[in-house]
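Worksheet: the structure to be examined is printed underneath.
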Amino acid sequence: MTAGAVVLGTSGDGLGYARLDADGAIVEHGTIVDGDLARFVAETGAARWIWSDTAHWYPRLLAAGVRVARCRDLRLCHAILRDSAFVGAPTEIRAATSWDAAGEQEVDAAAPALFALSGESGPRGVPHDLDAAVAEEVRQRTAVRSSAEHGRLELLCAAESAGALIAAEMRAAGLPWDVAEHERILEETLGSRPPAGGLPARMAMLAGEIRTHLGDAQATLDAPAKLLRSLHRVGVPAQSTSKWELSRYEHPVIAPLLQYKRLSRLLTANGWAWLDEWVSDGRFRPVYVPAGVVTGRWASSGGGALQIPRMLRQAVRADEGWTFVVADVAQLEPRVLAGMSNDLALARAAQGRDLYAGIVDSGTVATRAEAKVAMLGAMYGATTGESGRLVPRLRRAYPRAMKLVDDAARTGEQGGVVSTWLGRSCPAPSTRWARAQRQAAGETGTAVERDRARREAGDRGRFTRNFIVQGTAAEWALAWLGEVRSRLAALDAVPTSEQAPRSGSGLGTRPHLAFFLHDELIVHTPLRHAEAAATIVREAAASAGRLLFGGFPIDFPLDLKVADTAAKD
DNA sequence: GGAACTAGCGCG
DNA sequence: AAAGCGCGCTAGTTCC
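Position one of the first sequence corresponds to residue 674 (the numbering used here), numbered consecutively onward.
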C-alpha cells in the first residue's frame, strides 16, 4: 500500500513536504529536518513523490542509495498537458508560466551544479519551491479530470514520470563497458593509438593512398568542399562526398576513400578520446533526456548514447557473475499502427514473429524487402521510388491503418494538430509557416513562394504522419520499460558476494535496467536472476500491449537473448 | 576567438 | 541506390 501523494519542494531556507488527499487538498505539511531529503524519503516509504523535475531531485536521492517506486514529474507532465488536444476547454494549464522552462540537464551527483544544490531554480528553469509544486499538481489534476480522455492522459503522465526515474537510474547505474575490448577493436580497425594530433597507422596509410590517386600529396580529405574539388580534378563528377554518392563511381580513389571515411568516423565519434571522456570505472554513463524528442522519444546529451555503433556493441560487457538480457521489439511502429487504427488485417499479418513476412503471406507484395520498404514509406510519407510505388498496395490491403496515417498527413498539411494514442500532441505550425500557407492559398505571392509553401505543407504532412506512429511507439516503450522496472525491483536482492558495486546507488543488488534505445532495452542481471529477468522483459511487453490497446489482438514479439555482451549477430 | 552554420554519418 | 520520419555529435567553414 502506498502512503499517498507527497509533494516535495524548497520551503523557506530549507526543504518541505505536503501530503495531498485524492482531491489535491493538503492534509499534512511540514519541513524536512536538516534538509535531509534522502532520510525523509527513505523513512516515509512508499508514496507517489511529486516534484518539479526528476533530474533535479532524484540524482541526490540515488547518490544516497535511496530509490523511489513512483513519482510525478511536474515539468514533463506539464509539457504534455499544456499541448494536449485531449485537454479541452481553456484551462489554467495552457497559460504561459515558468513551468514551460526546459529541464535541468545532468546533475552530476558527485559534483552538482551550484544552482542544482542551492534549491533555487536554475536560469530559466522550472520552480522548485513547494508552493509552486502543489499549485501545479492541482492544475494538472484539474486538466486531466476535465478531459474526456482522462484515462489515457493519466496513463501517459504516469509512464512519462516512470521514464524520468528510469533515465536517472540508468545514468547512476551506467552501461557496463569493457575498455580493453573497445581498445582492441580500435587498434584492430584503426591501428595503434597515435600520439596526440596524429592519425592512427591504418588511416595514415589510407590517406597516402588516396592522395596518390588524387595526384595531390597535400590534398585535404576532411573538408567536403575541398575534397569534392580534388575529386573533380581526377574525373569523379560527384555532387557530394557522401558515401552513397561516392560509391556510385568507379575510380581507384573511391574504395580507399570510403574506407578512410569509415575509420575517420570511428576515430572521431567513438575513438580513444571518447573512451577517456565518457567511460570511467567500467561504466558508460550518458545523460538520457526523457521526451527530448518532439514525438516523446528520449534524446541523450553527451557521449552519443543513442548512436553507439554496432561494431562497438561487443564492448558492452556484463560484470563478472552477471549477464545481460538484451531485447528489442520486432517492427514496433507498424504494430502500434495496427493497434491505433483497429486494423485487424494488419494485426493478423503481425501475428507471430515477422510482420513483413505476414504482409508477404497475405499476397500484398512479393518479398519481405518490398513489404518493409512499403511500410516504412507509408509511415514516413514516401512519394517516389520503389517505396512510393508500393504504398498503394498497402492502402488496398490495410485501408484502416493507411487511412489513419494519411489523415494525419492531411491534418498536418492543413496546419492542424495531431495526437498520439495516449494524447501527446504535436506542436502547432509556426506563424511563419501559417502565413506562407495563407499567402499561397490567396495566390498573392510569387510562383517561387507558392512552390515553397507547397513543399513546406508536404514537409509538415510527413511530420504529422510520422508523429502519431513514432510517438505512440514511444508510449508503448515507456509502458514496457516501466513495467520491467517495477517487476525487477521486486526480485530478491542477491548476497553481497554477488553484487555489482559499480552499478551505483545500490542498484547493483538486483537486476537493473542498463540501457534503452527507442525499442530496445538491456537489463544487467546477476546470473541467478537471468531467467527471471528475461521472463519479466517478455511479460512486460505483453502487458504494455494490453495497457495501450486492451484486448485488441496485436502482439509485440521480442528478439531476446541472454548474453554477456550486447553484440548483434 | 567564439557563435552559428553546414556536411556527413551514426542510431532507431 | 535513395527515398520518406526523428535525433546527436564532430569537424570544418563562415561570420561577427
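Don't be surprised by glycine CBs; every beta carbon is placed ideally from N, CA and C.
Minimum C-alpha distance to residue i - residue among the options
i	options	result
LYS934	PRO800, ALA1022, LEU900 and VAL741	LEU900
ASP992	LEU859, ALA846 and ASP1242	ALA846
ILE936	VAL739, LEU985 and TRP951	Before going on, a small fix: residue 936 reads as Leu here, not Ile. For LEU936, the nearest C-alpha among the options comes from LEU985.
ARG743	SER1159, ASN1139, THR914 and ALA1114	SER1159
ASP1080	ALA1051, ARG1066 and VAL960	ALA1051
PRO1280	LEU930, LYS1045 and ARG748	This structure cannot settle anything about residue 1280, because the visible part of the chain is limited to 674 through 1242.
ARG812	ARG825, ALA1018, ASP851 and VAL760	VAL760
GLU701	ALA691, ARG1123, PRO1007 and ASP709	ALA691
PHE1260	ALA1214, ARG1133, ALA1240 and MET1013	Given a span of 674 to 1242 for the chain in the structure shown, any question on residue 1260 remains unanswerable.
PHE1229	LEU1028, VAL679, GLN912 and ALA715	LEU1028
LEU931	TRP945, MET876 and LEU948	MET876
ALA1173	ALA1207, ALA821 and HIS1197	HIS1197
GLY870	THR941, GLY1088 and SER1060	THR941
ALA736	GLU827, GLN987 and ARG844	ARG844
ALA1070	GLY1036, VAL1157, LEU1049 and GLY1054	GLY1036
SER1098	THR885, VAL1142, SER819 and THR1238	VAL1142
ALA645	ALA1206, LEU1200, PHE1188 and ARG1201	The structure shown has nothing for residue 645, since the chain only spans 674 to 1242.
PRO959	GLU950, VAL967 and VAL966	GLU950
LEU1200	HIS1185, GLU1212, ALA728 and ARG1211	HIS1185
LEU829	TRP995, ALA752 and VAL1210	ALA752
Cβ-based burial, residue i [other Cβ within 10 Å; buried from 16]
i	result
TRP917	exposed
GLU1043	buried
ALA841	buried
SER1170	exposed
LEU688	buried
TYR922	exposed
VAL780	Reliability fails at VAL780, whose pLDDT of 42 lies under 50, so the model's placement of it is uncertain and the value that follows must be treated cautiously. The residue in question, VAL780, is buried, as its Cβ has 16 or more Cβ neighbours within 10 Å.
SER974	exposed
SER725	buried
SER794	With a pLDDT of only 41 at SER794, under the threshold of 50, the placement of this residue in the model should not be trusted; the figure read from the coordinates follows. Looking at its Cβ environment, which holds 16 or more other Cβ atoms inside 10 Å, SER794 is buried.
HIS855	buried
GLY1181	buried
HIS905	exposed
ALA789	Because ALA789 carries a pLDDT of 36, less than 50, the predicted location of this residue cannot be relied on, and no value is offered for it.
VAL1045	Looking at the sequence itself, residue 1045 is Lys, so the reference to Val does not match. Under this definition LYS1045 is a buried residue.
GLN1110	buried
PRO910	exposed
LEU787	Caution is warranted here: a pLDDT of 35 is assigned to LEU787, below 50, making its placement in the model unreliable, and the coordinate value is therefore given only provisionally. When all chains shown are included, LEU787 counts as exposed.
GLU1006	buried
Cβ-Cβ distance between residue i and residue j below 7 Å
i	j	result
ALA1126	GLU1086	no
VAL1090	ALA1107	no
TRP772	GLU809	yes
LEU1010	ALA1074	yes
VAL741	ALA715	no
ASP1242	VAL1002	no
GLY1218	GLU822	no
ALA1000	LEU1190	no
PHE927	LEU919	The identity of residue 927 in the sequence shown is Ile, whereas the question assumes Phe. Against a cut-off of 7 Å, the Cβ pair of LEU919 and ILE927 comes out as a contact.
ARG814	GLY697	yes
VAL1064	ALA1047	yes
For residue i, three-class secondary structure by DSSP
i	result
THR770	coil
ALA782	Because ALA782 carries a pLDDT of 35, less than 50, the predicted location of this residue cannot be relied on, and the following value inherits that uncertainty. It is coil, neither helix nor strand.
ASP804	helix
ALA719	coil
SER1243	Here the chain has residues from 674 to 1242 only, and residue 1243 is not among them.
ALA789	For ALA789, the pLDDT reaches just 36, beneath the cut-off of 50, and the residue's location in the model is therefore unreliable, although a value from the coordinates is still provided. Three-state DSSP puts ALA789 in a helix.
ALA1234	Contrary to the premise, residue 1234 reads as Lys rather than Ala in this sequence. In the structure shown, LYS1234 sits in a strand (DSSP, three-state: E or B).
GLY795	Residue placement at GLY795 is poorly supported in this model, since its pLDDT is 45, which falls under 50; the coordinates still yield a value, given next. Looking at GLY795 - three-state DSSP - the assignment turns out to be coil, as it is neither helix nor strand.
ALA991	coil
LEU1154	helix
LEU681	strand
VAL909	coil
THR996	strand
ALA972	strand
TRP917	helix
ARG745	strand
ARG692	strand
VAL1002	strand
SER819	coil
GLY777	Checking the displayed sequence, the identity of residue 777 turns out to be Glu instead of Gly. Of the three classes helix, strand and coil, the one that applies to GLU777 here is coil, per DSSP.
HIS702	strand
MET674	Any reading at MET674 needs caution, since the residue's pLDDT is 45, under 50, leaving its predicted position unreliable; the model's value is listed next. DSSP places MET674 in coil when its eight states are reduced to three.
GLY708	helix
Enumerate, from N- to C-terminal direction, the unbroken alpha helix (DSSP H) stretches of 4 or more residues contained entirely within the region 1028 to 1110. 1028 to 1034, 1041 to 1053, 1058 to 1070 and 1072 to 1086
Which full runs of the beta strand (DSSP E) of 3+ residues lie inside the region 841 to 883, going along the chain? none
What are the start and end residues of each continuous beta strand (DSSP E) run of 3 or more residues lying completely inside the region 1173 to 1233, in chain order? 1185 to 1189 and 1193 to 1199
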